Structures are given as C-alpha cells and as structure tokens.
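J.: What follows is a single structure, and I will ask about it in a moment.
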Amino acid sequence: MAKRRTRGQNEGSIYQRQDGRWVGVLNLGWKDGKRDRKYLYGKTRTEVAEKLNARLRDRHQGLPISSDRLTVAQFLDRWLEDVVKPKCQPSTYGSYAGHVRLHIVPALGRRPLAKLSPQDVQQMLQVKLAAGLSPRTVQSYRTTLRGALALAVKWGLVARNVAALVDPPRVERVERKAPSPEEVRRLLDAARGNRHEALYTVAVALGLRQGEALALRWQDIDLDNRTLRVRWALQRIDGELRFKEPKTQASRRTIALPDATVAALRAHKVRQLEERLVAGSRWQDHDLVFPSRKGTPYDASELREQFYKLLGRAGLPHYRFHDLRHCCASLLLAQQVPPRVVMEILGHTQISTTMDLYSHVMPAARRDAADLMDRILAGA
75 MAKRRTRGQN EGSIYQRQDG RWVGVLNLGW KDGKRDRKYL YGKTRTEVAE
125 KLNARLRDRH QGLPISSDRL TVAQFLDRWL EDVVKPKCQP STYGSYAGHV
175 RLHIVPALGR RPLAKLSPQD VQQMLQVKLA AGLSPRTVQS YRTTLRGALA
225 LAVKWGLVAR NVAALVDPPR VERVERKAPS PEEVRRLLDA ARGNRHEALY
275 TVAVALGLRQ GEALALRWQD IDLDNRTLRV RWALQRIDGE LRFKEPKTQA
325 SRRTIALPDA TVAALRAHKV RQLEERLVAG SRWQDHDLVF PSRKGTPYDA
375 SELREQFYKL LGRAGLPHYR FHDLRHCCAS LLLAQQVPPR VVMEILGHTQ
425 ISTTMDLYSH VMPAARRDAA DLMDRILAGA
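Residues in the sequence shown are numbered from 75 upward in steps of one, following the numbering used here.
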C-alpha cells in the first residue's frame, strides 16, 4: 500500500508508490467537468517536493503551470496560431510557419519544451548548414525559434531562452547592388513608350517597394500638388492577390513628387485611358495606377518577367526590381540629401536601418566632413 504524505489545501500532495517512486499531485481545478491534476515524479521525496514548490510559485505569480509533457512542437503550434497569426501580416505568418513546420519541428519537435537545451539548438543549426543551406537561411530559423522561446519564458513555461544562448551562423555582409546613374538612364531610355515606363520612373525616383507601387491608386496621387501617398501594399497570400496595409506607420507616408515623375504619370494616365477603351467591357475598374491590361491587380511575377526583358534590351546586367529602390537611396545619399529625409522617403522605421544599408554610398559626404574639420582646425 502506498505511503501518503499530505500538505495543506491547494498545496498539492506527495506520496510514494509501491515501486518506490515518489509522486507529487497538484490540483489545477476543473476542466471539461473533470478534476484536472498535474503529476510530478522523482526518485526521492525531496526531488518531487522541489518540483511541486516550483509549480506552486508559478501559480502564486500568476504564471501558467508548465508541463514536462509539453513538447516543442505543441508549443510552437500554439505560438503560431494564438500569437503570430492574429498579430502579424499573413506573409510574416507564412514565413514563420514554414520555418517551424519544415525545419524546426522535424529536428526538435518531439523534445519536451522544458528540457530543450542550447546543445539541441546548436546541433539543429549545424545539421542545416551541413545540408547546404546558406548561413543567412539557417540564421532565420534560429531567429524564429528565439522569438517563440522568448514568449515561453514570459509565460513561465521555461526558465531561459536556449536559442538566445546559441551563437547564430556567421553571415557575410553583401553590399547592396544598385544600378549606376548611367545604367538608370539607359534603363529609362529603353523603357520609353513602354506601358511600364511610369512605373520604372516612380520606382527609381521614389524608392517604392514593388508591392507598394502595384497597390497605388489614382486617388493616392495629387498631380497638381505633386504628392503621392503610400497606403497599401499588394501581396500574394494563399494564392490570391490581396491589398494589405503596410507593416509600420513609417511605411504609410506621403512623398513629394519630382517634376519628371509628375510628367511621366500624366502621360501614363493618358495611355491607361486608351487601354481602357481597348479593353471595353473586360475592364475592371480598381482605380489602380499600374494595373493589368484589364484593370485588375498586376501580378509581381509578370512584372519581374517584363523587367528582365527590359534589362536585356538595355544591355544591362541582371538586377532585381527591388534594386531600383536601392538605386533611389544611393542616388539621394550621394547627392547629400540628409539621411533622415531619405529614411522618410523609403519608409524605414529607424534611421539606423537606412545608414546600415547605404552608408557605403556616402564617401563624398565623409570627404566633405573631413574638409570641413580641416577648415575649423586651420581657423579658416
């Protein structure tokens, strides 16, 4: 017969089984009409008492009672559905879900969350690197796991964030590649008369993200006052093109238009009216500035295909459409436009992001600063 040792009400109880193993029982209340209990096991009464006291401390502090049976897979699934999905953009959720379900869970999913160690995470990273994945890709898996485990620490499910204790793979910094001013002129010359001429002009002059440019509506543009508002982004989500609000407040911005861009947009508006007449009843009016030939949202994959063909006609090397955004930033900074102004045009949240990405294009500004200091020191 088992020997029982009782404790105070709602403090749990400890007893020894016939096989000599000690058991702690913590009453968690009622669940689905049944009493919910948590069982803790150990070789000695002291070991079980320490586990039981730890759970009781969690309860007194308002923390959830952790479970040794809760696996990494079970926790990550809850994190994705209850935390990431309601708060993040669908594209962000899809990225995290891919990391979790295709890479993290297959490697670590069966392990009890409370017993996950830094060595486990380190081994996962090494296996991924050995499989030929890039350091940047493997680093993203660690970043996702670290973010999830930060919440596990906050919820009291684990005592430490083991992913944060593991050094990420070293990623070589790649300098942003952007077309030169001469290449930009060749690109725009090749695009002259093209139905996307104004789109390329806007991308270079304003540094819009591809999704921001494709989501522009005519109501967002005031050609008389030369301003443009960025309010939406076009994304492919679950196989469908959808309009989503930008991720940050900084991305929702108003930009002053250069005269050349205003002229390009006026000409584009006339060309679009002609396309609308040709389409007739097939035209679907979404008020889009850069739609398909039927007025519907324009697929980014089709835009990329047309962009690559344009590069070929211009005799230019391979660039991404997104590199036009880098080109805009590089040109502005090279002309010594204040970094904070460039930050606002690009829609960055922090100026450090702008400087980290584009500080390499400011040698002239650094030379001017040195010359200015020379004049000060010389008393000129």
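Every residue, glycine too, gets a C-beta built ideally from N, C-alpha and C.
Predicted model, so just to flag it, every value in this text is computed and none were measured.
1) Would you mind working out which of A307, T218, M198 and P253 sits nearest L150, comparing C-alpha positions?
2) Could you pull out every residue in the same chain whose Cβ sits closer than 6 angstroms to the Cβ of M75, ignoring the five residues on either side in sequence?
3) Less than 7 angstroms between the beta carbons of L390 and E257, yes or no?
4) Between the Cα of Y167 and the Cα atoms of R175, V158 and G354, which residue gives the shortest distance?
5) Using the three-state DSSP reduction, which class does K228 fall into: helix, strand or coil?
6) Once you ignore the five residues that flank A181 on each side, which residues in its own chain have a CB closer than 6 angstroms to its CB?
7) Which of the three DSSP states is assigned to Q90 in this structure?
8) Need the endpoints of the beta strand (DSSP E) that I178 sits in, please.
9) Which whole runs of the alpha helix (DSSP H) in the region 367 to 405 are 4 residues long or more, in chain order?
10) Just to confirm, is the Cβ distance from R326 to R305 under 7 angstroms?
11) From what residue to what residue does the alpha helix (DSSP H) around F464 run?
12) On the DSSP bridge assignment, give the partners of G98 in chain order.
13) Between the Cα of A403 and those of L273, L282, R95 and R378, spot the shortest distance and give me the residue it belongs to.
14) Which stretch, first to last residue, makes up the alpha helix (DSSP H) that contains V304?
15) Rounded to whole angstroms, what's the CA-CA distance from W229 to T145? Just pull it up for me.
16) Which word fits D93, buried or exposed, when buried means at least 16 other C-beta atoms lie within 10 angstroms of its C-beta?
17) On the criterion of 16 or more Cβ atoms from any shown chain inside 10 Å, does G86 qualify as buried, or is it exposed?
T.: In this structure, then:
1) Counted from its first residue, the sequence shown places residue 150 at position 76. Closest by C-alpha distance to L150, out of A307, T218, M198 and P253, is T218.
2) In the sequence shown, residue 75 corresponds to position 1, counting from 1. Interpretation of M75 is limited by its pLDDT of 45, a score under 50 that renders its predicted location unreliable; no figure is taken from the coordinates.
3) Numbered from its first residue, the sequence shown carries residue 390 at position 316. Numbered from its first residue, the sequence shown carries residue 257 at position 183. Yes, these two residues count as a Cβ contact at 7 angstroms.
4) On the sequence shown, position 93 is the one that residue 167 refers to. Of R175, V158 and G354, the residue nearest in Cα terms is V158.
5) Translated into positions along the sequence shown, residue 228 becomes position 154. Three-state DSSP puts K228 in a helix.
6) Against the sequence shown, residue 181 aligns to sequence position 107. Closer than 6 angstroms at Cβ, skipping near neighbours: M198.
7) Your numbering for residue 90 matches position 16 in the sequence shown. Q90: strand per DSSP, three-state reduction.
8) Against the sequence shown, residue 178 aligns to sequence position 104. I178 -> no beta strand (DSSP E), and no H or E assigned at all.
9) 374 to 388
10) Residue numbering aside, residue 326 sits at position 252 when the sequence shown is read from its first letter. Residue numbering aside, residue 305 sits at position 231 when the sequence shown is read from its first letter. At a Cβ-Cβ threshold of 7 angstroms, R326 and R305 count as neighbours.
11) In the structure as shown, the chain begins at 75 and stops at 454. Residue 464 is therefore absent and cannot be evaluated.
12) Looking up residue 98 in the sequence shown gives position 24. Bridge partners of G98: I88 and L114.
13) Residue numbering aside, residue 403 sits at position 329 when the sequence shown is read from its first letter. Nearest C-alpha to A403: L282.
14) Translated into positions along the sequence shown, residue 304 becomes position 230. Where V304 is concerned, there is no enclosing alpha helix (DSSP H), although the beta strand (DSSP E) it sits in stretches over T301 to V304.
15) Numbered from its first residue, the sequence shown carries residue 229 at position 155. Numbered from its first residue, the sequence shown carries residue 145 at position 71. So the alpha carbons of these two residues sit roughly 15 angstroms apart.
16) Your numbering for residue 93 matches position 19 in the sequence shown. It is exposed - the Cβ of D93 has fewer than 16 other Cβ atoms within 10 Å.
17) As a working note, residue 86 is residue 12 in the sequence shown. Counting Cβ neighbours within 10 Å, G86 comes out buried, since at least 16 surround it.
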